[in-house]
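J.:
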Amino acid sequence: MLADDAVLLREGMARILRETGFTVAGQTGDGVTLIDLVRREPPDVAIIDLRMPPGFSAEGLEAAAAIRAFAPGVGLMLLSQYVEVHHALRLLTEFDGGVGYLLKDRVSDLAAFGADVRRIARGQTVIDPELVTRLVARRRERDPLDELTERERAVLALMAQGLSNAAVAAEMHLAVKTVEAHIRSIFTKLDLAPDDREHRRVRAVLTFLRA
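For the sequence shown, position 139 (counting from the first letter as 1) is numbered 1196 according to my numbering, and the numbering increases by one without interruption.
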């Protein structure tokens, strides 16, 4: 399902999605109607503009929160014209998987956009590379990532984009076993002991984003 008040953009996304094998189950221009549509027929993924009527602030994020409360199996992709770090961090820290935050410019890459939608449908997290860049550039007095090597930081940045170990290996031209070794080192340096109740990979990414 699609929610965006810009009709031309919404219709363009619908066409792109249909051409890449998706079924568009519904469209709307506001969050309230989207919530009603999802209640009637929950989709695999809802693609939602961050800023919609009436206030054009964070209506898409609020709609996403409402949908996650009553339909936790629905994937949620937020689209924005700009990188808005505070909204993205809320999405990534308060929602348990199956979420994404992309700039609208990414929609033009048909193959990548379709792949991202499918990843969210599978419960994975998708983060716009520009957001990762902004977060890396931020500074804090105490950085929990100071212990990581440059290579380990690069691995963690790709993990934060939602890449699997194999995808990280391909991106960095490394063996998968080498990437796995880097990830084990990251977990150790961030003091992330094995815990059946929490996913260490997610905790490492959250540490990266908060830093």
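Glycine included, each C-beta is placed from N, C-alpha and C at the ideal position.
1. Could you say which of V1064, F1265, V1140, V1102 lies nearest to Q1272 if we only look at CA atoms?
2. For A1145, which of helix, strand or coil comes out of DSSP?
3. So for L1059, helix, strand or coil by DSSP?
4. Considering only C-alpha positions, which residue in the set M1070, P1099, L1107, H1143 is nearest to F1127?
5. Which residues bound the beta strand (DSSP E) around V1156?
6. Compare the Cα-Cα distances from V1233 to each of K1161, I1240, I1243, N1222 and report the closest residue.
7. Rounded to a whole number of angstroms, what is the C-alpha to C-alpha distance between V1174 and M1134?
8. Whole angstroms are fine: how far does the CA of G1155 sit from the CA of R1179?
9. How big is the Cα-Cα spacing for V1189 and Q1138?
10. If you compare alpha carbons, which of A1226, A1122, H1230, M1216 is closest to I1243?
11. DSSP three-state call for D1173: helix, strand or coil?
12. Curious, which full-length alpha helix (DSSP H) runs of at least 4 residues does the stretch 1203-1246 contain?
13. Does DSSP classify I1140 as helix, strand or coil?
T.: In brief:
1. Lying outside 1058 to 1268, the shown extent of the chain, residue 1272 is not represented and no answer is given.
2. When DSSP states are grouped into helix, strand and coil, A1145 belongs to the helix group.
3. It is a strand residue.
4. For F1127, the nearest C-alpha among the options comes from P1099.
5. Annotation for V1156: the continuous beta strand (DSSP E) segment containing it runs 1156-1160.
6. Answer by Cα proximity: N1222.
7. Computed Cα separation, rounded: 7 Å.
8. Straight across, the Cα-Cα distance linking R1179 with G1155 is about 7 Å.
9. V1189 and Q1138: Cα-Cα distance of roughly 16 Å.
10. Among A1226, A1122, H1230, M1216, the Cα nearest to that of I1243 belongs to M1216.
11. D1173 falls in the helix class under three-state DSSP.
12. For the stretch 1203-1246, the full-length alpha helix (DSSP H) segments reaching 4 residues or more read 1207-1217, 1222-1229, 1233-1246 along the chain.
13. The sequence as given places Val at residue 1140; Ile does not occur at that position. Here V1140 sits in coil by DSSP.
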